[in-house]
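A.B. asks: Here the sequence shown is numbered in full-length UniProt numbering, starting from 1 and rising by one per residue.
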Amino acid sequence: MPGDQEKASRARAAQEWEFPGYESPLPVTEKSNPLSLDIDRAGPQQIVHVLQECDAEVFQGDLQPDAEFKRLYSESVIQILVDVADRVKTILREPDDSLIVLSGCGTSGRIAFLLANTFNRMLGWHQQKPVYSYIIAGGDKALLTSQEAPEDSPSLGAQVLKEACVGRKHVFFIGISCGLSAPFVAGQLDFCLNNLDMLTPVLIGFNPAHTARNEPIQGWPHTFRQVTERMLDLQRAQRAFVLNPVVGPEAISGSSRMKGGTATKVLLESVLLLGHRAAHSHVEINRQAVLDCIRDYEKVHEMTYCKTNELASVVGKAGTSLQKEGHVYYLGWKTLGIMGIIDASECVPTFGADFQDIRGFMYGGFSEMNNKEGNLSSLGPQFCIDHKDFVSTILPLIGENDTVIFIFTVDDDFGDVEKLAGQVKKKTSNVQAICHEYKGHCFPVNINNIFDSKVLKISWTPSDADDDFFMRLQWELSTKWMLNGISTGAHILKGKVYKNYMIDLKVTNSKLYRRAIGILQRFTGCQWTQGERALLRVLYGAEELTKEMATADVSRHTQAATTSDRVVPTALVVLQTGCSVSQAQAQLRECSVVRDAVETCLTSGRH
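See the structure below:
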């Protein structure tokens, strides 16, 4: 459990970001977290410690009775969780012609996919047909690669949901948008609000409703905030639900794959699990049941970060690999393999990384993933995710600069793990392992010898009859925290983070476009129009913008960004030094670490 000093630092940080005047123009999910302001200067041990503190904010209760924001343990949030779980129970007891749809973009959509498959599998254990379905903006390609353009289309979101509802009399729709900002999800929620005889919508996000995105959406008459406000009006009659506890700014500003993804998983699994227990075991859904479930997830945080030394060691090795132009590979089994694939896929848009820098593979590939569109491996190397693909195309190229991380549980075939580890060890000594075991089912004592290093092993203790299923959900969350830490820490050590901002993000949708300009404003003090102009000069590789470039809509700009590298760092240098775009690009090419490059350029620009 956290000590008094650690608790005090969390409270001070939370008060800082909760204070109404602190970065007031920004929603909480886009703010800079005071706990991580110097994370770019930290070593592996300190990086893990900062991530531990930031992740702990997910579970903080109200700091005071009149707190500005609702938190995860706020009474109003707990009551909505009770109400939503009760709706899940009703559908599971009367599943004919009903459907529960989980939908989101990017990380949110990937979690929707994971949970829909997980809970359909649980229904199968009760001899029930599937009731869950998932939607991810961009289709199944978005499970593995960044497909951000569809996120900006509310009409596409509505159309995909409409198609999913065909033949159903009642659809319980859960739309996830961590920042209350995704147009794709807004379109789906609006469709629900116009068809309340068939659909009941739930919105999950982590900003106060009054900070939901209020900018006009191209080709659509509403804003996300307007949709949210309509839902809040209907919530009083339980015809719609808005579940938006504030969990604090991300450790890396705006990186909602981390705390946003964690909180989404905790909230959704809590209501779905309680709905299942009530439907099949007649367990009562009440405030205490919800609290107990969330507290169990809080214990997962404590269990995971008890391994800070081991995790820091892996972070350091992964960071060294990226610094030396090597790679990090995750080799996983079952849903932990999926967690690895998800984590790797998120590094490209988050850090401007190459897809080969960190890659995930899982035993069985697409046949084990069970995604709607089946095997996507013909679409390109990014979609080759089977262990067989790793052995045939990656293993021959493995060298000492690469880090290979095995992710498995005591229930997986340890013979397969040992065989593949033996093959990898012939190519590199840098072989790591993350594994989970539980009371009565432990790994052989020689597991450390197989990996030539101390294994990052967590031992669990199931207690109740249905804890076998819940324990696997806990393994997933624990693994998510560890992999997020490894990939984030590795990119920090490589220099991809400036203070606690993703300075080298890909500007490939409207959300990231606005975020990029906000970063330029923060670090240069420029006006919005100045920052936007510098960004566009870099995107189009132009010293002077044409009228067509300057007046094009955001979708045109984000399309240009797909072929542009180091856009934000280049624009930052241009703004600070007054140099040309080509000069800024040349200066940045001389430095592999963004922070070093930017500071060198800024220093030279002052003289």
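Each residue gets a CB set at the ideal place from its N, CA and C atoms; glycine is no exception.
Hey, L536 and L575: beta-carbon distance below 9 Å or not?
C.D. replies: Their beta carbons are not under 9 Å apart, which means L536 does not touch L575 by this criterion.
A.B. asks: Return the chain-ordered list of same chain residues with a C-beta closer than 7 Å to the C-beta of I341, the five sequence neighbours on each side being excluded.
C.D. replies: So the list reads L144, G360, M362, I385, once near-sequence residues are dropped.
A.B. asks: When we look at the beta-carbon of S133 and count the other beta-carbons within 10 Å, is it buried (16 or more) or exposed?
C.D. replies: S133 is buried by the Cβ-count criterion.
A.B. asks: Between which two residues does the alpha helix (DSSP H) holding P201 run?
C.D. replies: Careful: P201 lies outside any alpha helix (DSSP H), inside the beta strand (DSSP E) at 199–204.
A.B. asks: Pull up the CB-CB distance for G175 and L203, whole angstroms please, since I reckon it's below 8 Å.
C.D. replies: Their Cβ separation, rounded to whole angstroms, is 5 Å, which keeps G175 and L203 in contact under 8 Å.
A.B. asks: Starting from W220, follow the beta strand (DSSP E) in both directions and report where the run begins and ends.
C.D. replies: Segment: none, W220 is in no beta strand (DSSP E) and carries neither H nor E.
A.B. asks: Taking Y513 as the reference, which of Q288, T562, L102, E269 has the closest Cα?
C.D. replies: Checked all of Q288, T562, L102, E269; the closest Cα to Y513 is T562.
A.B. asks: Helix or strand or just coil, what does DSSP make of D412?
C.D. replies: Residue state, collapsed to three classes: coil.
A.B. asks: Can you tell me whether M369 is buried or exposed, with buried defined as 16 or more other CB within 10 angstroms of its CB?
C.D. replies: The residue is buried, with at least 16 neighbouring Cβ atoms inside 10 Å.
A.B. asks: According to the neighbour-count rule (16 or more other Cβ atoms, all chains shown, within 10 Å of its Cβ), is S255 buried or exposed?
C.D. replies: Flag for S255 reads buried.
A.B. asks: Report the option in A289, L273, S32 whose CA atom is closest to the CA atom of F523.
C.D. replies: Answer by Cα proximity: S32.
A.B. asks: Should R213 go down as buried or exposed, given a rule of 16 or more other Cβ atoms within 10 Å for buried?
C.D. replies: Answer is buried; the Cβ neighbour count reaches 16.
A.B. asks: Grab me the residues of R225's own chain with a C-beta within less than 7 Å of its C-beta, minus the 5 sequence neighbours each way, in chain order.
C.D. replies: A212, R213, N214, listed in sequence order.
A.B. asks: Apart from the five residues on each side of it in sequence, which residues of its chain come closer than 6 Å, Cβ to Cβ, to I394?
C.D. replies: Closer than 6 Å at Cβ, skipping near neighbours: no residue.
A.B. asks: Is S321 helix, strand or coil by DSSP?
C.D. replies: S321: helix per DSSP, three-state reduction.
A.B. asks: With burial defined as no fewer than 16 other Cβ atoms inside 10 Å of the residue's Cβ, what is the status of R236: buried or exposed?
C.D. replies: Exposed is the call here.
A.B. asks: Please list, in chain order, all residues of the same chain as S453 whose beta carbon is under 7 Å from its beta carbon, the five residues on each side excluded.
C.D. replies: Only Q432 meet the Cβ criterion.
A.B. asks: Can you tell me which of F172, M303, Q46, K494 puts its alpha carbon nearest to the alpha carbon of H436?
C.D. replies: It is M303.
A.B. asks: Is DSSP giving F172 helix, strand or coil here?
C.D. replies: Residue state, collapsed to three classes: strand.
A.B. asks: Please state if the CB of R110 and the CB of N345 are separated by a distance shorter than 9 Å.
C.D. replies: First, the amino acid is wrong: residue 345 is Ser here, not Asn. It is a contact, given that the beta carbons lie within the stated cut-off.
A.B. asks: Among L272, C293, S478, which residue has its Cα nearest to the Cα of C306?
C.D. replies: Selected option, being the one with the closest Cα: S478.
A.B. asks: Leaving aside the five residues before and after K496 along the sequence, list all residues of the same chain whose C-beta is less than 8 Å from its C-beta, in chain order.
C.D. replies: Same-chain partners within the cutoff: F351, G352, A353, M502, I503, D504, V594.
A.B. asks: Quickly, what does DSSP pair Y363 with across the bridge? List them, please.
C.D. replies: None; Y363 has no bridge partner.
A.B. asks: Should R257 be labelled buried (16 or more other beta-carbon atoms within 10 Å of its own) or exposed?
C.D. replies: Buried, since its Cβ has 16 or more Cβ neighbours within 10 Å.
A.B. asks: Looking at the secondary structure, which residues open and close the alpha helix (DSSP H) in which W125 lies?
C.D. replies: It spans 107–125 - the alpha helix (DSSP H) in which W125 sits, taken as one unbroken run.
A.B. asks: Consult DSSP for F443 and reduce its assignment to one of helix, strand or coil.
C.D. replies: Note: F443 maps to coil in three-state DSSP.
A.B. asks: Considering only the beta carbon of each residue, do I78 and R287 sit closer than 9 Å?
C.D. replies: Yes, Cβ-Cβ distance for I78 and R287 is below 9 Å.
A.B. asks: Please confirm whether F443 and A421 have their CB atoms less than 9 Å apart.
C.D. replies: Their beta carbons are not under 9 Å apart, which means F443 does not touch A421 by this criterion.
A.B. asks: Using the C-alpha atoms, what's the distance from I252 back to G21?
C.D. replies: Summary for G21: the model assigns pLDDT 34, below 50, so the residue's position carries little reliability; its value from the coordinates is reported in the next sentence. Cα to Cα, G21 sits roughly 21 Å from I252.
A.B. asks: So, for S24: in the same chain, excluding its five sequence neighbours on each side, which residues have a beta-carbon less than 7 Å away from its beta-carbon?
C.D. replies: Confidence in S24 is poor, its pLDDT being 46 and thus under 50, which makes the residue's placement too unreliable to answer from.
A.B. asks: Please go through the same chain and pick out, in chain order, the residues whose beta-carbon is closer than 6 Å to the beta-carbon of K141, but skip the five residues on each side of it.
C.D. replies: Only Q147 meet the Cβ criterion.
A.B. asks: Starting from the C-beta of L161, find all residues in its chain whose C-beta is less than 6 Å away, skip the five residues before and the five after it, and write them out in chain order.
C.D. replies: Result list for L161: Q188, F191, in chain order.
A.B. asks: Inspect the beta-carbon positions of V271 and L81 and report whether they are closer than 9 Å.
C.D. replies: Yes; because the gap between Cβ atoms is below 9 Å, this pair is in contact.
A.B. asks: Roughly how far, in whole angstroms, is the beta-carbon of V598 from the beta-carbon of Y438, given that I think they are within contact range, below 8 Å?
C.D. replies: About 47 Å; that fails the 8 Å criterion.
A.B. asks: Grouping DSSP H, G and I as helix and E and B as strand, with all else coil, what is E57?
C.D. replies: It is helical.
A.B. asks: Taking only three categories from DSSP, how would you classify residue 608?
C.D. replies: Within the shown structure, residues of the chain are numbered from 1 to 607, placing residue 608 beyond reach of any answer.
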